[in-house]
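Structure first, then comments.
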Amino acid sequence: MQGRPLHVIVIGAGTGGMCLAHGLRRAGISVAVYERYRTRSDGLLGYRVGINPTGCRALRECLPSELFTTFLATCARAPRFFNVLTEQLHRTASFALRPEADPTSIDQSVSRMTLRQVLLTDMDDVVQFGKTFTHYERHDDGTVTAHFADGTSATGDLLVAADGTHSAVRRQYLPHAEVKDAGSINIASKIPLTEYTRSLLPDDIRGGISLIFGSGGLMGVLHVMEFKWDQRGSVKPGVGVTDASLIGSWPGLLYDNTRDCINLIIWSAADRFPSDVMELRGERLAQVALDLTRNWHPTLRELLRHSDPGSVIPIKVATSVPVEPWKSSNITLLGDAIHTMTPGRGVGANTALRDAALLCRHLVAAVADERPLVEAVADYETEMIRYGFARVADSLRTNGTNGDDPIYKPIIGRFAMLAARGYFSVTSRLPPLRRKFVDQLYDYRGAES
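If you want it as structure tokens, here you go:
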């Protein structure tokens, strides 16, 4: 393509960056990943991420087949219901999800830490830890050099920014690309799943994902995650022979602290929270969550009281501002580095995986056809910009993820809340509307448009 083998530098060993690295290595393209964390276990990465059919297809395309099978084996039990609840645990709606046989046609629930360990499996020769990117230099010969805080550098033909919402690559390359505060804050917590905490939840809530529309503009989501290994990290009785063998021989479990848990996240407009909420952690932050949920059902408050203090974190929700297409070069971006989005539609990680598979596909084709590198990058960016910022816009339209949502307004908020509850209530009770809702849910989360 340039008279020499292609070498790709990826900044960031997150979901999208590692998916790309696997795909390139599998295709025989040289790749190196530089990660700011010092070890593969650093960072609080234990929360749930839903991998939808789009994400599953990307992982299946890029990962070695046995590692993709390991990914499926390490997912939590798939949710069977999508519930809509009030803060008093009254069921506004409940939708049965499809019990598909094909695991790539449904949403998979995986711990972020587990997914990280899967993607780092057998990549010791590709990933370098403790490398904080500072800046890049482009050279006349078509190469680009990445510089790191420890004084080292790396040179390649293509630099890929996979370094997340606060991307240092983006700040230098596209300084006009803005990430703004969405105006909402989350408090996320994990509650160990014990006999006691399990007993607090009825079957349909324990077996599904539940969206909580609380009065006064306070919202939440609750999801139970059960894995195929126990608290000691040993494969549970009753797990199939194939999955048991994969998990038992998988080295990633040695680095993974994920265990059965209940994820409970509350969120609202930022002005509902103390001014110093982003500095709070542990028991102090858990107390903020309890203070905000004074009128919630005792069961939900009891769960909050049993949260692991070390898991309780605040999250300020951010969103990218769409930018016009730029002139393509030997630098490009994927995932949150270019189109970070609110968690409203639950497709951020999946869009990053889609980026990774698409970019890999274009690079592999360019090498095979001896096309110019920049042409391959331009083809990738044309498609990525279109669907990526469309997903950003979708996420901002989801109930409660945007601080300007009517649900948070002093007077009309109550009516907006009642309207949202009413929509779900009517939709779940009328079979044609219920089927249409579920069909649209799957169509969107598996879409390639």
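As numbered in UniProt numbering, the sequence shown has no gaps in its residue numbers, which increase by one up to the final residue, 449.
Note that beta-carbon positions come from the ideal geometry of N, C-alpha and C, so glycine has one too.
Nothing here was measured: the structure is a model prediction, and the numbers come from that model.
(request) Round the Cβ separation of I331 and D163 to the nearest angstrom and send it over; I've been treating them as touching at under 8 angstroms. (result) The pair is not a contact, with the Cβ atoms about 12 angstroms apart (cut-off 8 angstroms).
(message) Quick check: the Cα distance between P99 and I9, rounded to an integer number of angstroms?
(response) 40 angstroms
(message) Closer than 8 angstroms is the cut-off here; do at least three beta carbon pairs connect the stretch 61–80 with the stretch 242–251?
(response) yes
(request) Could you tell me if T197 is buried or exposed, where buried requires 16 or more neighbouring beta carbons within 10 angstroms of its beta carbon? (result) buried
(message) Going by beta-carbon coordinates alone, are A416 and I407 separated by less than 8 angstroms?
(response) yes
(request) Enumerate in chain order the residues of its own chain whose CB-to-CB distance from L334 is below 8 angstroms, with the five nearest sequence positions on each side excluded. (result) G16, G17, L20, V160, A161, A162, A352, D355, A356, L359, M384
(request) Run the CB neighbour count on L292, radius 10 Å, all protein chains shown included, and call it buried at 16 or more, exposed below. (result) buried
(request) Report buried or exposed for Q108, applying the criterion of at least 16 other Cβ atoms within 10 angstroms of its Cβ. (result) buried
(message) Please return the same chain residues whose Cβ sits closer than 7 angstroms to the Cβ of R77, not counting the five positions on each side in sequence.
(response) E226
(request) Put F437 into one of helix, strand or coil per three-state DSSP. (result) helix
(request) Report buried or exposed for N295, applying the criterion of at least 16 other Cβ atoms within 10 angstroms of its Cβ. (result) exposed
(message) I need the boundaries of the beta strand (DSSP E) containing L222, first residue and last residue.
(response) 219–225
(message) Tell me the DSSP secondary structure of M1 in three-state form.
(response) Bear in mind that a pLDDT of 48 at M1, under 50, signals an unreliable position, so the model cannot answer this.
(message) Three Cβ pairs or more, each shorter than 8 angstroms: is that satisfied between the stretch 269–285 and the stretch 117–137?
(response) no
(request) Identify the continuous alpha helix (DSSP H) that holds P298 and give its terminal residues. (result) 298–305
(request) Output yes or no for whether 8 angstroms exceeds the beta carbon distance between L120 and G252. (result) yes
(request) Pull up the distance between the alpha-carbon of E279 and that of S65, whole angstroms please. (result) 42 angstroms
(request) Express the C-alpha separation of L363 and M1 in angstroms, rounding to a whole number. (result) Low confidence applies here, because M1 scores a pLDDT of 48, under 50, leaving its location unreliable; read the following figure in that light. Going by the C-alpha atoms only, they are around 10 angstroms apart.
(request) Please name the residue, chosen from P103, A177, D404, that lies closest to H339 on a Cα-to-Cα basis. (result) A177
(message) Suppose you measure from the CA of D157 to the CA of S41; what does that come to, to the nearest Å?
(response) 30 angstroms
(message) As a quick exercise: from A390, H297, P192, pick the residue whose alpha carbon is nearest that of V347.
(response) A390
(message) So if DSSP puts A267 in a beta bridge, which residue, or which two residues, is it bridged to?
(response) Reading the sequence as shown, one finds Trp at residue 267 and not Ala. W267 is bridged to N186, M219.
(request) Using the Cα positions of residue 466 and V221, report the straight-line distance between them to the nearest angstrom. (result) It is not possible to answer for residue 466, since the shown part of the chain is limited to 1 through 449.
(request) Note down the Cα distance separating R445 from G151, rounded to an integer number of angstroms. (result) 43 angstroms
(request) Give every residue of the same chain whose Cβ lies closer than 6 angstroms to the Cβ of G216, excluding the five residues on either side of it in the sequence, and list them in chain order. (result) none
(message) Is it buried or exposed, R170, if we count other Cβ atoms within 10 angstroms and call 16 or more buried?
(response) buried
(request) On the DSSP bridge assignment, give the partners of E137 in chain order. (result) T145
(request) Could you spell out the range, first to last residue, of the alpha helix (DSSP H) harbouring H339? (result) 336–339
(request) Could you check the C-alpha separation between S428 and W267 for me, to the nearest Å? (result) 24 angstroms
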